[in-house]
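One structure below.
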Amino acid sequence: MHRFFYLHTNASTPRVGTSNRLFTECGTSGFLPFPNSTCERHLIDRAGRSSSGVHHVPDKANEQTEFDCIVVGAGISGLLAATVMTRAGARTCVLDKGRGVGGRMATRRRDRAVFDHGAQFFTARDERFLLWVDDWQELGLVEPWYDSPHSGVHYRGVPGMTGVAKYLAGELDVRTESTVTRVSYHEQGKRWHIESADSTILTSALLVLTAPVPQSLALLKAGNFVTPERELEELKSIGYHRCIAALAVLDASSALTECNGALKLRGGPVQWIGDNYRKGVSPAVPSVTIHSTPAFTEENWDVDDSVRLPKLLEAATPYVQANVVSCHGHRWGFSSPIGRFSSDAYIDPERGLAIAGDGLAGGRVEGAAISGLTAASELAGGGNHA
Ligand SMILES: Cc1cc2nc3c(=O)[nH]c(=O)nc-3n(C[C@H](O)[C@H](O)[C@H](O)COP(=O)(O)OP(=O)(O)OC[C@H]3O[C@@H](n4cnc5c(N)ncnc54)[C@H](O)[C@@H]3O)c2cc1C
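Under this note's numbering, the sequence shown is numbered contiguously, ending at residue 388.
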C-alpha cells in the first residue's frame, strides 16, 4: 500500500508560501482537496505564487529530477492535482508537451483578435468544484458568462479560458514543451521513471497521468506497465469526439446578442458559435469561434481548411451577420469523451498511480477538475509514503 507524506519536512521541499502555515493555523492535519469549511476554503487559493501568475520554468542546469509526485498534463485536471499535492508539501512537477498551460482550456491570439478556441465555458454544479470557482471568482479569474434555465451558470475565464491555468501554474514547477514518451514502474526502488522526448528522465514515488485516456494508456504501454485486465478494458473503451474549430475575425460585432454571444446549434455542420467580443475575451477586435458537430468533423477531418472552413462559415452566417476578415482552422483530436470510467479516477494504490482527466469523470472542464482532485486525494490518502 502506498503511503504518503503530506507536510513533508525535507529541507529540499519547495515551500509554497502560506499554505502549510494555514494548514497548521486551521488546526487541520489532513489533506483537503475538497475543502468544506470557511477556514479550509482559505487553503485553496491563498498559497504563495509568483506575482506575475506566469508558470515557472526552472533553469535547466538546476532542474531537479527526483520528485514525490509527477503529473503528466497541465490541463485543469493535472494542475489541480498538482496544486493539491504541492500544498500538501509533496515535491511535485508537472510536465506538458504544449508551449503553454491549460490544455483544452485554450486561448489564442490571431490577427489582433483573441479566441477561446477550445473549451468555451464551464459549469460548477458540484460543490467540490464550486468552492474553487468561488475563490477564482473572488480573485477575478472567472466570471459568469451567461445563465441557462436548464444548465445553470456558465462561467468564463478572465481574460480568457487559460487564465485559471496560468494562475494555478504560478505556484507550481511546470515544465512545458516536455513530451513524455514512456512511464515505467521500478519495483525495486518503488519509483516511477518518466522519460521525455529530449531523453530527460525524472523519477517520482507517485504518478498522475492526465492526458486523454488513450494517450495515458500508450505511455504506460510503452513502459511495459501491466494494467489489470478488467480496468484496462474499461479504460480502453473511453473514446473521444473530435472537433474542427474555425476562428473568424469579423469586421463588426456579430448578431449574437442573446446569452452574451453564446449559441448552441443542433444538426448541420455547426454545433457552437461563441462571440469572443461580446464575451469580453477579444475586446479590441470582433471575433467568433465556431465548432463543428461530430458528424461534420468526421466527414471533413482530412479535408483542407480551404474547403471545410467556408462550409462552417456559411452555416454560421445567418447567426453572425458580419463580414469575415480572416479565418483560421484548428483540429482538436480529443474534444469530449464518449463514455466514462466507473469512478472519478483510476487509482493503483500499490504503485502510486492515478489516471485522471475528463474521460474519467463525465467529461468537460468540471469533470476533469473533479477527476484531478480525486486523483490527488486518493493517492495522498494512503498514509505516509516512505
Ligand atoms: C473544441 C472543444 C470545446 C470544448 N468545449 C467545452 C465547454 O464549452 N465546456 C466544458 O466544460 N468543456 C469543454 N470542452 C472540454 C474541456 O476542454 C475538457 O474536458 C477539459 O479541458 C479537459 O481537461 P483535462 O485536464 O482532462 O485534459 P487536457 O486539457 O487535454 O490536458 C491534458 C494535457 O496533457 C498534455 N499531454 C498529452 N500527452 C502528453 C505527453 N505525452 N506528454 C506531456 N504532456 C502531454 C496535453 O498537452 C494537455 O495539455 C471542450 C473541448 C474542446 C476541444
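We put the beta carbon where it would ideally sit given N, CA and C, even for glycine.
| Asked | Found |
| --- | --- |
| Spatial distance of arginine 110 from leucine 249 (CA atoms) | 10 Å |
| Beta-carbon proximity list for serine 256, same chain, < 6 Å, skipping 5 on both sides | Asp277, Val290, Val322, Ala324 |
| Segment contact, 8 Å Cβ cut-off, at least three pairs: the segment 64-71 with the segment 195-214 | yes |
| Within 8 Å, strictly: CB atoms of valine 272 and serine 328 | no |
| Alanine 199, buried or exposed, once every other Cβ within 10 Å from all chains shown has been counted against 16 | exposed |
| Any non-hydrogen atom of ligand 1 closer than 7 Å to proline 214 Cβ | yes |
| Check: cysteine 245 C-beta below 7 Å from any heavy atom of ligand 1 | yes |
| Nearest to aspartate 136 (by Cα), restricted to the options Asp118, Gln122, Val166, Val283 | Val166 |
| Uninterrupted beta strand (DSSP E) stretches inside the segment 166-213 (no shorter than 3 residues) | 175-177, 182-188, 193-198, 203-211 |
| heavy atom of ligand 1 below 7 Å from aspartate 360 C-beta | yes |
| Selection from Val367, Arg268, Arg193 that minimises the alpha carbon distance to phenylalanine 124 | Val367 |
| Distance between arginine 244 and lysine 223 (C-alpha atoms, nearest Å) | 23 Å |
| Own chain residues within Cβ distance below 7 Å of serine 344, not counting five before or after | Glu236 |
| Assigned secondary structure, glutamine 389 (DSSP; H/G/I helix, E/B strand, else coil) | With the chain covering only 3 through 388, there is no way to say anything about residue 389. |
| Status (buried if at least 16 other CB within 10 Å, exposed otherwise) for glutamate 173 | buried |
| Best match in His332, Ile292, Ala317 for proximity to valine 305 [C-alpha to C-alpha] | His332 |
| Closest residue to valine 96 among Leu81, Arg89, Met107 (Cα-Cα distance) | Leu81 |
| Opposing strand residues paired with valine 73 [DSSP bridges] | Val96, Val210 |
| Ligand 1 heavy atom lying under 7 Å from the CB of methionine 107 | yes |
| Boundaries (first-last residue) of the beta strand (DSSP E) holding glycine 154 | 154-159 |
| Inter-residue Cα distance where the pair is alanine 83 and proline 320 | 43 Å |
| Proximity of threonine 212 and glycine 91 at Cβ, strictly below 8 Å | no |
| DSSP state of arginine 114 mapped onto helix, strand, coil | coil |
| 8 Å Cβ cutoff met for tyrosine 169 and histidine 156 | no |
| CA-to-CA distance, leucine 209 to arginine 193, given in whole angstroms | 9 Å |
| Distance cut-off 7 Å: valine 182 Cβ against heavy atoms of ligand 1 | yes |
| Inter-residue Cα distance where the pair is serine 239 and glycine 341 | 8 Å |
| Backbone secondary structure at threonine 26 - three-state DSSP | Reliability fails at threonine 26, whose pLDDT of 19 lies under 50, so the model's placement of it is uncertain and the value that follows must be treated cautiously. Here threonine 26 sits in helix by DSSP. |
| Contact test: glutamate 368 Cβ vs ligand 1 heavy atom, cutoff 7 Å | yes |
| Cβ-heavy atom distance, isoleucine 78 to ligand 1, below 7 Å | yes |
| Reduced DSSP secondary structure (H/G/I, E/B, other) of glutamine 66 | coil |
| Reference serine 150, options Arg310, Trp303, Glu260, Gly335, closest by Cα | Glu260 |
| Enclosing alpha helix (DSSP H) for glutamate 140 [first to last residue] | 129-140 |
| Assigned secondary structure, glutamate 352 (DSSP; H/G/I helix, E/B strand, else coil) | coil |
| Sequence-distant residues of its chain with Cβ nearer than 7 Å to leucine 219 (five each side left out) | Leu237, Lys238 |
| Simplified DSSP state of alanine 371, which is helix, strand or coil | helix |
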